[in-house]
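For reference, the structure is listed below as structure tokens.
There are 2 protein chains.
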Amino acid sequence: MLFQYQDYRMNSHSLLLQLVIILVSARTLSEIASYIRIPAVIGEMAAGIIIGPSILGWIQLSDPIQFMAQMGIILLLFEVGIETDLGQLTSAGKNALSVALVGVILPFILGFWISYYYFSFSLIVSSFIASTLTATSIGITLRVFRDLKRENTAEAHVIIGAAVLDDIIGIILLAFLFDYATSGEVSWWNSGKLMLFIVIFFITAPIAAKFVSTVIRKWDQKSELPGLLPTTIVSFMLLFSWISHSLGAPELLGSFAAGLAVSRQFFLPLGTFLHRTPEFSERIEKQIRPIIHLFTPIFFVSVGLSLNFHNSYFFSTYIWKLAGLLLLVAILGKLLSGIFIKKISLIEKLIIGTSMVPRGEVGLIFANVGLTSGIFKDDLYAAMILVITITTIFTPISLSWLYRLKSHA
Amino acid sequence: MLFQYQDYRMNSHSLLLQLVIILVSARTLSEIASYIRIPAVIGEMAAGIIIGPSILGWIQLSDPIQFMAQMGIILLLFEVGIETDLGQLTSAGKNALSVALVGVILPFILGFWISYYYFSFSLIVSSFIASTLTATSIGITLRVFRDLKRENTAEAHVIIGAAVLDDIIGIILLAFLFDYATSGEVSWWNSGKLMLFIVIFFITAPIAAKFVSTVIRKWDQKSELPGLLPTTIVSFMLLFSWISHSLGAPELLGSFAAGLAVSRQFFLPLGTFLHRTPEFSERIEKQIRPIIHLFTPIFFVSVGLSLNFHNSYFFSTYIWKLAGLLLLVAILGKLLSGIFIKKISLIEKLIIGTSMVPRGEVGLIFANVGLTSGIFKDDLYAAMILVITITTIFTPISLSWLYRLKSHA
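So the protein lines, in turn, are chains A and B.
Quick note on the working numbering: the first sequence kicks off at 84 and runs consecutively.
Quick note on the working numbering: the second sequence kicks off at 84 and runs consecutively.
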């Protein structure tokens, strides 16, 4: 115990500098990105690629940095939740569902088809490739929308909804395949249980979160000690992330629900309006925003840090062919996900489709489960990493380009 | 690399809950403490003792939590720096020096005397015990002053100065003894070099920090992206902590210097006033305060977490005798540290003396170097931990009691 304290102190020295390098490089490159009119988040990911194993090799992802990165994405989703109009989100529901479904089914079918018939992978390997291609990294897209100041548009609501649904479908797929890969059979019972948990969470979480946030608000009115909100609100979102994860649902769903509960437009699913507290929402936003600004860049840098371009497999033609075809499928499948939405222009459909393209950290998690469970061999894993990387970099650039096209149209 | 990401994700789950438990228990117990009119920091340390290995055993100190705790104390010292009036601090200089010197020399001599002559420890062991007793944990005392709203009193300035000097003397002592313990001889050269570095740092740091803060201020005026201050100011203080540590000086000195540089009353040592920027200092305080409020409780909880009352040695009469006598010396030596200050009442002298009593995390670091280098045997280590714990708990309670006495006098 106390030894550990000592050991830690001896090594902690370089962590301080690492965090400085992460924060300063992220800031510098995001300023440059914004100056040359590309989304700032690209700068932050580029910072991770530059200071990480791909180029300079200064920073290795260590537990403390990863934990702070994880808090960063949780905080970001909380902020998205605060700013989300639940009414608009529900009214976007049907469209979001169609985007999520098309964006899962198309990449899955196309990915499976190429893997199984063209590259002759086994059934399980092909399914795993196909599942990895269904992932969507909501974080990347949300940041791009924010960087472009489009986070309150109708498209944004559709995309948030679709990305949340995608995360849920992804988790179920992963649980399903992991079961099959390890036990050789599909457990309908496990998958069913998981789905049930998620549904229960979705129904009860906003109500529970509203209750907790009311307790915090009352406490805030009485407390004489400073600093109640930063600790309690951060605890609140971490707790809901933890509960969400414990039930098998994506972590981010929890902090999103927590954010919804303290948002200005919150109402209960059944239409019953609770006592609204706009000043409280504002106080929270003011106090939590600096914390969000501190943590979120760490997340996006960590995405860059987790990529490694040094890999010698990148010189193999087989891997490039594999990656190239899967990439095509990965982009095409998501790009078409907006086709069933009515009454919007082609550019808007493409904007929605493009937003669903980045696989980011969610894709990496899939790929790593594939690798650690022995389903992905090294060369296939390398190809998947390439696909995930390119989809992640592709989106911010294409999105800002599409928005410029739209404003000229 | 990417494996690590995966491994991390699998274990990260419980970290979220741990942080929630740390933050919520700290808040709850500090509110209770404040309600029954004892310093809130006692509540936070008690939270650590309760949820840590001593009682419930729910939380183990892990690297991510420790890193955040370390950031907590760095942030606290930065805030102290911001709020410190450099003019008053320099004018407190002579008094601070006398407090620091008495508070190092007395516990050292008394501690050595008891260890060497009464308990017959060897020369090196006795010196190490004596050195451990010279440490002062500035964090605990500063928090108590803040909790009691006394952080801008004359006593507070003397104590901050003395605690900073104490930290420096402590580090030099530690380097000295560690050299001796490992090589069997005293290296005047190493100790001299260390002292030189610290002096250079002390002279150049505030100037360099002023320069960096000016760069950040100019950047802040130009940047179009939100969130510049949280990342750059945190980087700024972490960088100075790192530099300070790299030069062999205490980490906290660096963030204290960084805080001084952005404070409203900053001027250069030679009396040349630089361009003052009170609005910038205010903006920083407003944006950094929520971050400070989030991180500092983690530090004080971690102090509680690093103590372990379960140890079976606590039932040994020898250890209690050893601990009892060392404790007497530890308290007495510091309590008298204010005796040479002129023109203040006895109660004020006792307040200053009491403030220097807690050994806190600084004492723990000394004790752990003693243990890991083999100088302290397990029983002696246990006694030292007891002494450190009791001095740390003693101070907040005595201080608030002394202040109440003073206001009645």
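For glycine and all other residues, C-beta sits at the position ideal for the given N, C-alpha and C.
- Relative to the Cα of PHE204 of chain A, the nearest Cα in the group A:GLY421, A:ASP462, A:PHE382, A:MET439 belongs to A:ASP462.
- In this structure, the alpha-carbon of TYR464 of chain B lies about 7 angstroms from that of ALA450 of chain B.
- Residues of the stretch 318 to 333 of chain B whose Cβ lies closer than 7 angstroms to any Cβ of chain A, in chain order: SER318, LEU321, LEU322, SER324, TRP325, HIS328.
- Taking 9 angstroms as the upper bound on Cβ-Cβ separation, chain A lies near residues GLN143, LEU144, SER145, ASP146, PRO147, ILE148, GLN149, PHE150, MET151, GLN153, MET154, ILE157 of the stretch 139 to 170 of chain B.
- Excluding sequence positions up to five before and after LEU454 of chain B, its CB lies within less than 6 angstroms of the CB of TYR464, all in the same chain and listed in chain order.
- Residue environment for LYS417 of chain A: buried (at least 16 other C-beta atoms within 10 angstroms of its C-beta).
- Of the other Cβ atoms in all chains shown, fewer than 16 fall within 10 Å of the Cβ of GLY275 of chain B; this residue is therefore exposed.
- For ARG372 of chain B, the uninterrupted alpha helix (DSSP H) segment begins and ends at 361 to 388.
- Residues of chain A whose Cβ lies closer than 9 angstroms to the Cβ of THR315 of chain B are, in chain order, LEU106, VAL107, ARG110.
- Among the CB atoms of chain B, none fall inside 8 angstroms of the CB of ILE243 of chain A.
- A straight line joining the alpha-carbon of PHE378 of chain A with that of PHE459 of chain A spans about 32 angstroms.
- B:VAL282 is the residue among B:VAL282, B:SER481, B:LYS232, B:ILE132 whose C-alpha sits nearest the C-alpha of LEU330 of chain B.
- Interface with chain B (8 angstroms Cβ-Cβ cutoff): GLN304 of chain A is excluded.
- In the three-state reduction of the DSSP assignment, LEU343 of chain A falls in the helix class, which pools H, G and I.
- PHE383 of chain B and TRP325 of chain A have their C-alpha atoms spaced approximately 24 angstroms apart.
- Residues of the same chain with a CB within less than 6 angstroms of the CB of PHE319 of chain A, apart from the 5 flanking positions on each side, are VAL295, ALA341 in chain order.
- Closest in C-alpha terms to LEU322 of chain A, from the list B:VAL103, B:LEU98, B:HIS96, comes B:VAL103.
- Chain-ordered, the chain A residues with CB closer than 9 angstroms to the CB of PRO373 of chain B read GLY310, LEU312, PRO313, LYS369, GLN370, ILE371, ARG372, PRO373, ILE374.
- Closest option to ALA237 of chain B, judged by alpha-carbon separation, among B:GLY176, B:ILE148, B:ASP230: B:GLY176.
- Neighbours of ALA123 of chain A in chain B, taken as residues whose beta carbon is under 9 angstroms from its own, are LEU308 in chain order.
- SER113 of chain A is a Cβ neighbour of GLY126 of chain A, given a cutoff of 8 angstroms.
- With respect to the C-alpha of PRO441 of chain B, the residue from B:GLU162, B:ILE381, B:ILE242, B:ILE132 having the closest C-alpha is B:ILE242.
- Within the same chain, THR437 come within 7 angstroms of SER481 of chain A by CB-CB distance, once the 5 residues on both sides are set aside.
- GLY164 of chain B is positioned such that its CB atom lies no closer than 8 angstroms to that of SER420 of chain B.
- Counting C-beta pairs closer than 8 angstroms gives fewer than three between the stretch 209 to 216 of chain B and the stretch 128 to 148 of chain B, which falls short of the contact rule.
- Of all residues in the stretch 439 to 456 of chain A, only GLU444, LEU447, ILE448, ALA450, ASN451, VAL452, LEU454, THR455 place a beta-carbon less than 9 angstroms from a beta-carbon of chain B.
- Per DSSP, the unbroken alpha helix (DSSP H) holding ASN273 of chain B starts and ends at 271 to 305.
- Around the Cβ of TYR200 of chain A, a 10 Å sphere holds fewer than 16 other Cβ atoms; the residue is exposed.
- Counting of Cβ neighbours within 10 angstroms places ALA406 of chain B among the buried residues, the total reaching 16 or more.
- Sixteen is the threshold: when 16 or more other Cβ atoms of the shown chains lie within 10 Å of the Cβ of SER385 of chain B, as they do, the residue is buried.
- Between LEU308 of chain A and ARG110 of chain B, the alpha-carbon positions lie close to 9 angstroms from each other.
- Just so you know, the alpha carbons of ILE255 of chain B and LEU277 of chain B end up roughly 7 angstroms apart.
- A residue is called buried when at least 16 other Cβ atoms come within 10 angstroms of its Cβ; PRO361 of chain B does not meet this threshold and is exposed.
- At a cut-off of 8 angstroms between beta carbons, VAL103 of chain A contacts chain B.
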